[in-house]
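Notes for the one structure printed next.
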Amino acid sequence: MRHLGKRQADLVKELGWAKGRANKFYHGQHPYRREIVNELSTWLGIPPYELLMPPEEAIMLRRLRDAAMDVAGLSGR
């Protein structure tokens with residue numbers, strides 16, 4: 024979340040989560056549930072599947088997608 028400009032404290036404040044719950048998700052210690060993945064991805068402004076991969080891989084995939092859109096002349100749409 025850090026690379027998206029979000030902190031654990033933001034998760035507590037903006038989504039109203041308990042500190043313990045936020046801590047477990049922040050450190051990857053809570054089981055995945057679809058509704059929670061969707062809530063977090065909406066809050067972070069990313070597709071849900073990016074939460075299920077390492078952050079570095081998600082960033083590379085996003086850059087690749089953006090580059091492909093640029094090559095296709097579809098960027099900025």
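According to the working numbering, the residues represented by the sequence shown are 24 to 100, in order. The C-beta atom is built at its ideal place from N, Cα and C for all residues, glycine as well. None of these values were measured; they are calculated from a predicted model.
Measuring from the CB of residue i, is there a heavy atom of the ligand GTP at a distance below 8 Å?
i: W66; result: Absence of the ligand GTP is noted for the structure shown, with no ligands found whatsoever.
Excluding five sequence neighbours on each side, which residues of the same chain lie with their C-beta closer than 6 Å to the C-beta of residue i?
i: K47; result: H53
What is the C-beta distance between residue i and residue j, in whole angstroms, given that I count them as a contact (C-beta under 8 Å)?
i: L67; j: M24; result: 7 Å
Leaving aside the five residues before and after residue i along the sequence, list all residues of the same chain whose C-beta is less than 8 Å from its C-beta, in chain order.
i: R30; result: M24
i: D89; result: S98
i: L26; result: Rather than Leu, the amino acid found at residue 26 in this sequence is His. So the qualifying residues of the chain are P78, I82.
i: R44; result: H53
Between which residues of its own chain and residue i is the CB-CB distance below 7 Å, once the five residues before and five after are set aside?
i: M76; result: none
i: P71; result: V60, N61, S64
Inset, instruction - Please confirm if the region 57-67 is in contact with the region 27-40, defined as three or more CB-CB distances below 8 Å between the two stretches. - result: Yes, the region 57-67 is in contact with the region 27-40.
Legend entry - Whole beta strand (DSSP E) elements within the region 39-80, 3-residue minimum: Listed in chain order, nothing qualifies, since the region 39-80 has no complete beta strand (DSSP E) run of 3 or more residues.
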